[in-house]
Structure formats: structure tokens, C-alpha cells
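Protein chains in written order, with this note's numbering: chain W, 1 to 503; chain S, 504 to 675.
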């Protein structure tokens, strides 16, 4: 086993990887940007090295600098986390050339799965069902429009190198297609350094179900069952659970087998996720394979009892898989929610700022994978996810009740959060009965607006009482005045200065 | 000794609220002539209060231009709260004229990716004015009403702070 591992990432995932490293007695090396100099992942590490300024292109994506840190620190392997360099085949190759173990699949598997259109071709050849779409990236928006019209709207524009919803646009109206295509290319270029995009048929009201797979370097592969990730906003997952309440046992088995087949088709090694769209009739279509650890991996860990990061490390070190398919079981029910620093009432607008206080409620069956501490800053440079809360219980209704309790108790001061929004998700009837699809957020938002209007006078007065006492008890007249002067943005302040000037 | 506030949420009328410190951590809060006496204290994540035996716990997410408070078990609400003095000053300013609708300021810190308008352009409601990238997401800023652009305060590629003037419109 390795003695020292570098984590080429930040935030909660870097922290989460370091936790397993520490338990395994392996030293951890952090890299950080100037904006993250005091971040939690730096505090967690045994050694930490600055790799550049705040923008990730100048720090966390700097291959040369990260390899140099690995050399200087004596790390033997690099864990890329998710995002950043995790699905960068060139980086995987460069690690190998530098004599470092890349904790992830071999470069050729990243290439084949990373470019989404190529992955589709590989899957079609392997007999795995896929969603209708172009097989190659389309450079011109006009050409893409012609193709979109041939398969029929609505369509989905996707970044060929994409992931995490970046560079992705749903288009219903042909008149808006060209504008959306250019927007997707720009976003893809900024996020991945590659602006290639392609077009796919948009399957109406699907469920997003994915299978976790794990392969060792000795030809053994297993799946660790499914995750239902259908609660998404702006194509980014917000809530994930396992098992999927809607998936029939026979479909689960078939999907698992297909996922392992998909991995085998590219000689996969390590942890990966095969994503599918599942329609109302239990038909499923290959969407893409993510050749890395997923954000939502903890729900699988909760249900299978397997530490996926430990499994990644063991496989990367050349060990065989320590379990066989028939030894794996799904136990109970797990749900994960992503706590974001954002304003759900303003179309999920990011809300960066300093977290002045943070209370994470403990309790049975609760896991908190956070990337921040009280006093830490949520900067505008990176993803606004603050933490992931994971609950595990013996049944789905109990898991929902536990999560609701957790969301009521969890408190974070300094930024707006989606905690209330997540609480409302738990009350959404289609979520409660498990029938929800990827369109569920629209329904939740509608219900939120209705609930907003149905607030009773008593509830209003309670909030008023709490708010006014909070202001009053702060007893800092100076700071209160400073806060009040910025009411309504710059206008009030400017007007006041003008008024003073006149008199 | 009591302190006067004006408090409102959403489009509601501002209500006058008086908070009287009656000692030993207790406060008498009077709204519209009705008084409630509570024991209250702040803690790192918000404010706790006990009214009779009823416990009311409020997580305060932000306290800037308004207090966003999440009463436990209830809905989060954005409550505006001004001292009586500041409220009167604002009333006077608004009476003196001036509009808040004549400009768009940046709701977030980030980078300007694209500026889609220039001075003199006539924009229609919903039209994209510019795109700001924050946290690796593109955020479109759209016109809230039909208007003519008088001034554009930023250029593509510029890093901006919250409150930065983006576009100013000519008032009709």
C-alpha cells in the first residue's frame, strides 16, 4: 500500500479522501489555490502546497505544478477526486510517465468514456442501449440545428468533454437553438478547455439512475447497485438516494449487468459510474460513464458498507477486489442532499460569503461530508456546494423523516443556503412516493411559491419576532447602520450623498 | 426604555414594532398594539426564544439588507428590519424622487463573460443584457422591463464585486 498520497482537489471531496487515508495510516498531501490558503482541506492534510492563484485554470488544473508537488513531497499516488483533473486522460498519462499512480482508470478508458460521443459508439458496439443523438461533436451551430430538427425538439446540447451540468442546455424552441449552442460552447470552453458540443434527443420525464461499478486490475468487476439521482436543478444533482424506489428487481439486475459490460468494453480499472435514463416502462438508455468517484458515492457506501475510497486505493495499489458480486447486498435506505450556498428563490443564484457559524446536527444514521468550517469563506471561484448530508435508515420513510429532522436542525450563518428548499423536496408528494422524475424541481418550485403565499399570520409574526430580536440583541448600532445603508444596493447610499450635497 | 423598528416582509406594509428590554434577558415586543413578552438570546447560528413554555428557534442565515430567518419547523422568511430613524430617512428620500429601477447592479461577485448591449440600445423585457460567470456557472442578467440603455458600467473579461453598476437605463 502507498505511504503518501497527493489529493489533486479541494473542498469536501479532498477532506473525505484524506479521512480514509488517515484511517489507513497513509500521509496526505494537499494542493491549494491562493483563495483556499485557509480551507478545511489544507487543515486536514499532513502537507500542503500552494499551486497558484484562485482561478482553477491557474491552480487546480495546473498539471505541471501538481506533478512537481508530487515529486517534491515524495507522494507515490495522486487521487484526483471529482471534477478538475479527474477525467483528464492526459493527466493520467503524465502521472504514469512521472512514475506516479493515478488513482482512477487507465488513460485509454478515460478517453473512450470521456468523450461522450465516442462513449456512445463504444456502447452501441457493445450492444448497450443509447439515447438517439449525434455520434460526433458538431462544430457549427447551424449544422447542429439541422440535426436537431431531424430528431425533433426538445433536444439537449451537451459538452463533449462535459460533466456536472456545465455546457448543457435543453432547447424546446428551434428559434433559441443557435444562441443556446453558442452559450454551451462558451461554458464548455471555460470549464473544460474544450468547447466541442453535440446534440441528443431529450427523453421526456425520465428518471436518472446510475450504477456504481468497481474493477480491479486482474479482470474482476462488480457493480454496487444503483443510485436514483433524478432531483436535479440546472442539470446538476441535488438529491441522490439508493435504492431507487421505482426500479424493479429484474431491471436492477439487468442494469447492473449492462453497467459491468460497459466497463469491460473499455478494460476499466477502479471505481466508475454508468449513468442511465430510465423511462416509465423500465426501459433504460446509456447516458455516459463517469470515470471517477462521484459526488454521491456516500449513499452507496451507506447501503453496501464499503468504503469506496479505500477500494479505489487498494485496486490502484494492485490488490484484487476483496469481494465478489454475490457477496454484495443493499442494506436499508440512504439519501444524500447537497447543501449549496445559493438562493433557491432567485433561480439558485450563488451566494458566496464567509460562513460565520455552522452547526452540524449529529444523531444515529447521519453522515456529514463538509468542506468548510465556521470562519471559512465560500468564494465565488468554485462550486457553491458547502456540504453533503447523508442519512441511512432501515426503510425509505424513516430515511426521509431522519433527513427532515436533520435539515431543520442544520444551521449555517453567513450565506444563503438551499436548506429550506431541500426540506420542501422531502415534502414533495412525488418524492415521498418515489415516482418523481428529472422534472421534479419545477413542481417543487411551484409548490414553494404556493406555500409562500399560504404562510399564516402566526408564522409571519414568529419570523418577525425572531428577526427583530436578532437585530435588537446584536446591540451594535454602528454595524446596524452600516448594514442599513446598503439597503437596496448602491442607490440608497448614493441618493443620501446627493441629498446631503444639496443642503 | 424601548427601541422602535419598522419591519416588513415581501410587499407587505411596514409595521412599527417596539422592543422593550424588561431585564433578565426578557423583552416585551409590541406589534400593532399587541404585546408579547419573551425570553430571548442570540447564539452563533441565530436566535432562540421562549414565550411562556413555547420554544421558538430561529436559524439566521444572513443579516444584511434583511434578516433571512428559518424558524425551526416553519418556512424561512426574509424580513426587512430598519430602525425607525433610518426608515423615516428612506421615506423622505423616496418622496424626494429618484428611482431604483433605472439601473442593474451585480447581484454577485464574478467575471463578466459577455456584454450584449451598448449605450443607445433599446432592450425588451427578458432580453439578455450580459452574462456573469460565478462559481463556474454562467448567469444571465436579463432586462426587467423595456428600456433604453444609457450606460454600460462593465466590459467583458472584467472581474466585478457585488453591487457593481452593470447597466443604467434612460428613464422614460
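Backbone N, C-alpha and C define an ideal beta-carbon position, used for all residues, glycine too.
Take residue 60 of chain W, set aside five residues on each side of it, and the residues of its chain with a beta-carbon closer than 6 angstroms to its own are 84, in chain order. Listed by position along chain S, the residues whose Cβ is nearer than 7 angstroms to that of residue 462 of chain W are 559, 574 and 577. Against chain S, the CB of residue 217 of chain W has no partner CB under 8 angstroms away; the residue lies outside that interface.
Here the C-alpha atom of residue 534 of chain S lies approximately 14 angstroms from the C-alpha atom of residue 512 of chain S. Uninterrupted alpha helix (DSSP H) stretches at least 4 residues long and entirely within the stretch 101-160 of chain W occur at 107-114, 116-125 and 141-151, given in chain order. DSSP places residue 254 of chain W inside the alpha helix (DSSP H), whose first and last residues are 249-265.
Chain-order list of chain W residues neighbouring residue 611 of chain S: 349, 350, 351, 352 and 380, by C-beta distance under 9 angstroms. In the structure shown, the three-state DSSP call for residue 664 of chain S is coil. Those residues of the stretch 522-545 of chain S placed with their C-beta closer than 8 angstroms to a C-beta in chain W are 522, 530, 532, 534, 539, 541, 543, 544 and 545, ordered along the chain. With a cutoff of 8 angstroms on beta-carbon distance, residue 242 of chain W and residue 303 of chain W are scored as near each other. Contact between residue 404 of chain W and residue 423 of chain W is confirmed by a C-beta separation of about 6 angstroms, below the 8 angstroms threshold.
Taking a Cβ-Cβ threshold of 8 angstroms, the residues of chain W close to residue 637 of chain S are 350, 352 and 380, in chain order. For the 8 angstroms CB-CB criterion, residue 391 of chain W and residue 366 of chain W form a contact. Contact between the stretch 353-367 of chain W and the stretch 397-415 of chain W is present, with at least three C-beta pairs closer than 8 angstroms.
Secondary structure of residue 281 of chain W (DSSP, three-state): coil. Counting C-beta atoms within 10 angstroms of its own C-beta, residue 371 of chain W has 16 or more neighbours from the protein chains shown and is therefore classed as buried. Between residue 102 of chain W and the set W/448, W/2 and W/259, the nearest pair of CA atoms involves W/2. Chain S has no Cβ within less than 8 angstroms of the Cβ of residue 247 of chain W. Classified as buried, residue 287 of chain W has 16 or more neighbouring CB atoms from the shown chains inside 10 Å of its CB. At a cut-off of 8 angstroms between beta-carbon atoms, residue 674 of chain S makes no contact with chain W. Taking C-beta separations shorter than 8 angstroms and ignoring five residues to either side along the sequence, the partners of residue 606 of chain S in its chain run 668, 669, 670, 671 and 672, following chain order. In the structure shown, residue 400 of chain W falls within a helical segment according to DSSP collapsed to helix, strand and coil. For residue 574 of chain S, the enclosing beta strand (DSSP E) starts and ends at 570-574.
Residue 218 of chain W carries a coil assignment under DSSP once its states are collapsed to helix, strand and coil.
With respect to residue 312 of chain W, residue 225 of chain W sits apart: the two C-beta atoms are not nearer than 8 angstroms. When C-beta distances to chain S are compared with 8 angstroms, the residues of the stretch 173-199 of chain W below that value are 183, 186, 187, 190 and 191, in chain order. Chain S has a Cβ within less than 8 angstroms of the Cβ of residue 420 of chain W. Ranked by Cα distance from residue 553 of chain S, the first of S/570, S/569 and S/574 is S/574. For the pair residue 570 of chain S and residue 341 of chain W, the Cα-to-Cα distance works out to about 16 angstroms.
The DSSP-derived three-state label of residue 616 of chain S is strand.
Between residue 244 of chain W and residue 228 of chain W, the C-beta gap is smaller than 8 angstroms, which places the two residues in contact. Sequence-distant partners of residue 62 of chain W (beyond 5 residues in either direction) whose C-beta falls short of 8 angstroms from its own C-beta, in its chain, are 51 and 52.
In this structure, residue 118 of chain W sits near residue 112 of chain W, with a CB-CB distance shorter than 8 angstroms. Residues of chain S with a Cβ closer than 9 angstroms to the Cβ of residue 459 of chain W are, in chain order, 574, 577, 578 and 580. Separation of the CB atoms of residue 385 of chain W and residue 12 of chain W is rounded to 7 angstroms, and the pair is thereby assigned contact status at 8 angstroms.
Taking the Cα positions, residue 537 of chain S is about 10 angstroms away from residue 531 of chain S.
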